[in-house]
Structures are given as structure tokens and as C-alpha cells.
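Step one of this worksheet: look at the structure below.
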Amino acid sequence: MDMRKCIYIILTVLAFTLYGCSDWLDVKPSDRVSEENAFSTLSGFKKALNGVYVELNQNELYGRSLTCEFVEILAQRYAIDQEASGNYLLTQYNYIGSDAKGRISSIWSKAYNLIANTNLILKNCEENRSVLPDDHYCLVKGEGLALRAMLHFDLFRLFGPVYGKDSALTSIPYYKEFVLEVKPSLVGNEFIQEVINDLLQAEELLQHDPIIEYGPQGDRLDNFKSDRNLRLNYYAVQALLARVYMYRGDKVKALEYAKKVITIQKKWFPWVDPMTIAASSENPDRMFSSELLFALQNLNRSSIFTSLFDGDNLKLTALLVPREDVVNEVFENEKQDYRLISGFASSSVELGGVNYKVFNKYHGKDSLLSQVIPMIRVSEMYMIAAEAEPKVADGVVYFNELRNNRGLESIPDRWMSFMLDEEWCREFYGEGQLFFFYKRKMKTSVQSAYDRYGMTSVNLKNYVLPIPDGELQYN
């Protein structure tokens, strides 16, 4: 997408198309207001920021592509039929077809569009400072900086170089201001530092986040301060810092921030109760919602399941399904694993002589549990701590804490380095993190989607998506 055109449109008409996601999303779809009016009141700031959260749910972003679909296809999660040409070519890391180009371009343009919107909010935080009480100023600016960092970081994980190998190579632009001109691309290590700088500033601004005193429910007396796990809160920012530092290869800082979150985990983000995920449960908590540091609320999540995963409409050319034998291999036939119980149908579906396992994580009834899109979960902090601890004996303590809370037995120290990769495969199924894990670890072969004992070869260049054609002249 032409970034100059994108910015021009936003500058001319500030258009946040909003729909009800929670009590704090109290605006109508017809809300289209000029920038001058949008930020003349506290309510205007709230609506603008809420609009960014809503737009994160777009199919091109975390409503599909960056969670359960596009990046999961790249991670070889689903056995995709060759007749489903667009998706099948993605399993081959073919990014030059028209379908792939269109999807990649949409991810790029939608993300940078939201970054521009976020920068507009941040710009007005200073220009209209008198409108914002101190506590709201800190929340709006802190969340805005965190959103900007998160979006940039995920763009970097897609379009940037393989960091551990090429951190000095040119990556993509980092937009810190709402400006008309297109910014030059930064080299990888400079880009990551910008992400960290934004997150550190966000952490400082969110020191009085209601989540610290009240937990995820927040301050129920103020809708804007409630449901803090549906916003980029103080602990989610610390978790993002752990994620970014780990991606950068700074295990010391990654461990430091992972431990900060782990310290408060039992108080505010307890492990899922196995009784709530049982198949016999009236409305099973398939997302392990108590463990989510940050999640989106998507009123259309049911359509994700019906359009991508519903076994009642199984067609390999349309749906995303893993083979049963591959799922069994990933979970090592440990049928007591909570993630297997909650995330997959108990029975298989046969098609063309092959048994498939319907992916159920996004299935649910009409309730809050059926509207959650996981963005950051506390288990990732345990995984980071396990990998980052200098001594394996210390790391395995975190690793076994996670396993024990997934219905599994502890393992000895000597197994952890091997099983860490497997745990990433199990823990984040359908959440968009595995491809980035493979990229960080520079994996040249990964679990095949078609053969339980097979591996799919990956060239390191496959981890770097091409910048859309329309952007090359600017970057």
C-alpha cells in the first residue's frame, strides 16, 4: 500500500469504524470525525484508542492472518490439499503468486495503517495534553506506544531479516511520528532497539495501571480502566519486552522480564483449571483464558471456526485441518495433555483414506470465552525463562511447571533442550507464534504437515517475506 496515500487519507478524515466489543467500546459504526474534533475531549481519545484495538481484529491482522491462518500455514500446521492452490503454495514458501502477494500486501498495509492511527493518537496526546487527566494520559500514551511497538515488531518478524544471522541488514521503516513523508528502512538491530525503546517508555507510563491493584478485571468503576487483559497493560508490556529481548538474543534481559511476569502469575494469571476445559463442560475454556496476559475480543470469532476449521463442512480445498497421525506425533500420544483435549475434536474425520483431526480451539458458544483471540499468554514467559536460564537445572524448573499444568509429568534436565522445541509446537497451536520461533531458532527443517515422521526443509530466506511491490520504491 502507498504509505503516503494512507497517511493522507487518515489526516483528511479520521475514520475509526467501531463496533461493540465490550462496555468500553461504546461507539457506533457511523462515527467519522475530523482530527480536530476527535481529540478535543477525553471521550474522543478513548474512542480513538478503542478503535485501534477493534481494528487489530481485521482478518488481515490478528483476526486471522497473524494468528490461526497465514503464519500457521507457513509453520506447516495444516495438511493442505494441492487443489487449494493459494494456501498450498504458502506451504511451499512460494510468495510470488498473485494470491500470496495480495495477502502479504494486505498484512503490510493494514498494519502500517494502524501504526499511523496510533501515531495520530500519540501526537494529540501532547498537542491536547490539557484534555487528558494525568491517569488517562499515562494509560492512553502507554498503550499507544505499546501498540506501535507490537505492530512494528510483528512486521519485523515477517519482513525483517533472520536476526540471529543478519541483524545488520536493512529491514523496514519504523514510524515514530505521524508524518506525510515516507521514512527510510532501518537496519535490523536499530529497528529492534526502537521497539524496545517504545516498550520501555510504555512500561514507565503504565506503572499505575489498574491491573497492578485490581488484576485483569481492572477498575470496574471506570469502563476505560476495566478488562485490562483486553488492552496492552503493564504486565503485557513486560511480556512483550521478554519476547523482543529473546528474539534479539539477549537472554539476560529476556529472563529478567519473564521473571517479572512469572512473579505475579499465580496472583493474577493462574493456570487453567482442568475442570473448565473438559469435553463434558457446558462451555469449555479452550483458550485457557485465565492465563492470557493480553487478548483481543472478537465478536466474529465464531466465523473463524466455521470458515476455516469446521469438520462438519470438511473440504480439503477450503478448510485448515491437520492429519491425525501428525497431531499424535506432536503430542506424543499423551492423550491427557490439556491442549490436546481442549484444542482438538476427540474423534477424527476420514477423507480420501486419510484421518484428520478437527482443530477446535476457536470453537465455542455465545459467551466471552468464545470471543477471545489470544495475543500473549503467561506460558510463553515460562518457556522463555526455561530457555534463558544459564543453568539447565534452573531452566527445567520453569519447563516442568508448565508441563505439570498441562497434565504432563516432569522431565529430567537432559531432555529439556530437545523437548523445548516440541513444547512450542504444542503450546501455541493456532496462535501464530511457531513460525516466528522457527525463524528465531533458524530452523532449516520443521515437522511436516503430511508425514508424522517427516520433516519439511526450510531455507532461511523463506523466513523473510518480500516487501510488497508498491512499497519498494519508498523503502
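Residues in the sequence shown are numbered from 658 upward in steps of one, following the working numbering.
Built from N, CA and C at the ideal position, the CB exists for glycine as well.
These numbers come from a predicted model, not from an experiment.
Quick one: which unbroken alpha helix (DSSP H) runs of 4-plus residues sit fully inside the stretch 804-869? Chain order, please. 820-823 and 845-862
Is it buried or exposed for leucine 1122, if we count other Cβ within 10 angstroms and need 16 for buried? buried
Can you find a CB in chain C that lies within less than 8 Å of the CB of phenylalanine 702? The structure shown has no chain C; it contains just one protein chain.
Exposed or buried, serine 1004, counting other C-beta atoms within 10 Å across all chains shown (16 or more means buried)? exposed
Measuring only the C-alpha atoms, how far is isoleucine 1041 from glutamate 986? 24 Å
Between the CA atoms of proline 830 and arginine 805 - distance to the nearest angstrom: 12 Å
Under the three-state reduction of DSSP, which class applies to glutamate 978: helix, strand or coil? The sequence given here has valine at residue 978, not glutamate. Valine 978: coil per DSSP, three-state reduction.
DSSP three-state call for valine 1103: helix, strand or coil? strand
Neighbourhood of aspartate 879 by C-beta, 7 Å cutoff - its chain only, sequence neighbours within 5 removed: none
Just the Cα atoms here: how many angstroms apart are tyrosine 719 and leucine 713? 6 Å
8 Å Cβ cutoff met for phenylalanine 962 and histidine 1020: yes
Compute the Euclidean distance between the alpha carbons of phenylalanine 813 and serine 828, then round it to the nearest angstrom. 7 Å
Nearest by alpha-carbon distance to phenylalanine 1094: which of Ala975, Leu1077, Ser1105 and Phe848 is it? Leu1077
Unbroken alpha helix (DSSP H) run spanning valine 1121, endpoints: Unbroken run through valine 1121: none, as it is neither H nor E.
Isoleucine 919 versus Phe727, Glu1128, Leu950 and Gly754, residue with shortest Cα-Cα distance: Leu950
Whether proline 927 touches threonine 933 by CB criterion (8 Å): no
For isoleucine 772, count the other beta carbons within 10 Å of its own beta carbon; 16 or more makes it buried, fewer makes it exposed. Which is it? buried
Leaving out the 5 sequence neighbours to the left and right, which residues in its chain are closer than 7 Å to isoleucine 869 when beta-carbon positions are compared? Tyr891
DSSP on glutamate 1007, reduced to helix/strand/coil? strand
Report yes if the CB atom of alanine 1170 is closer than 8 Å to the CB atom of alanine 1045, and no otherwise. Since the displayed the chain opens at 658 and closes at 1132, residue 1170 lies outside it and no answer follows.
Across which residues does DSSP place glutamine 749 in a beta bridge pair? For glutamine 749, which the question treats as bridged, DSSP gives no partner whatsoever.
Backbone secondary structure at glutamine 1028 - three-state DSSP: helix
Could you check which residue in Lys1098, Glu740 and Val797 has the C-alpha nearest to that of lysine 822? Lys1098
Alpha-carbon spacing of arginine 905 relative to threonine 1113, whole angstroms: 25 Å
Count the other C-beta atoms from every protein chain shown that fall within 10 angstroms of the C-beta of arginine 877, then say buried if there are 16 or more, exposed otherwise. exposed
Out of Ser1027, Val1011 and Gly1010, which has the shortest C-alpha to C-alpha gap to asparagine 1017? Ser1027
Would you kindly work out how many angstroms separate the C-alpha atoms of asparagine 774 and tryptophan 765, rounded to a whole number? 14 Å
Between serine 687 and glycine 759, what straight-line distance do the alpha-carbon atoms span, to the nearest angstrom? Bear in mind that a pLDDT of 35 at serine 687, under 50, signals an unreliable position, so the number given afterwards is only what the model happens to contain. Straight-line Cα distance between these residues: approximately 28 Å.
Counting Cβ pairs, one atom from each stretch, are 3 or more of them under 8 Å apart for the stretch 952-967 and the stretch 719-734? yes
I think aspartate 967 touches arginine 1063, with their Cβ atoms under 8 Å apart; what is that distance to the nearest whole Å? Aspartate 967 to arginine 1063, Cβ: 26 Å. No contact.
For the candidate residues Phe1085, Thr724, Ile778 and Ala896, whose alpha-carbon lies nearest to that of leucine 1133? No statement about residue 1133 is possible, as the shown extent of the chain runs from 658 to 1132 and does not include it.
What does serine 883 pair with, by DSSP beta-bridge criteria? Gly875
In chain order, which beta strand (DSSP E) runs of at least 3 residues are fully inside the stretch 1035-1118? 1102-1104 and 1112-1114
Once you ignore the five residues that flank proline 1125 on each side, which residues in its own chain have a CB closer than 8 Å to its CB? Met658, Lys758, Ile761, Ser762, Trp765 and Ser766
What does DSSP give as the partner residues of asparagine 1012 in its beta bridges? Glu1007
For valine 1115 and serine 1102, which I take to be in contact (beta-carbon distance under 8 Å), what is that distance rounded to the nearest angstrom? 7 Å
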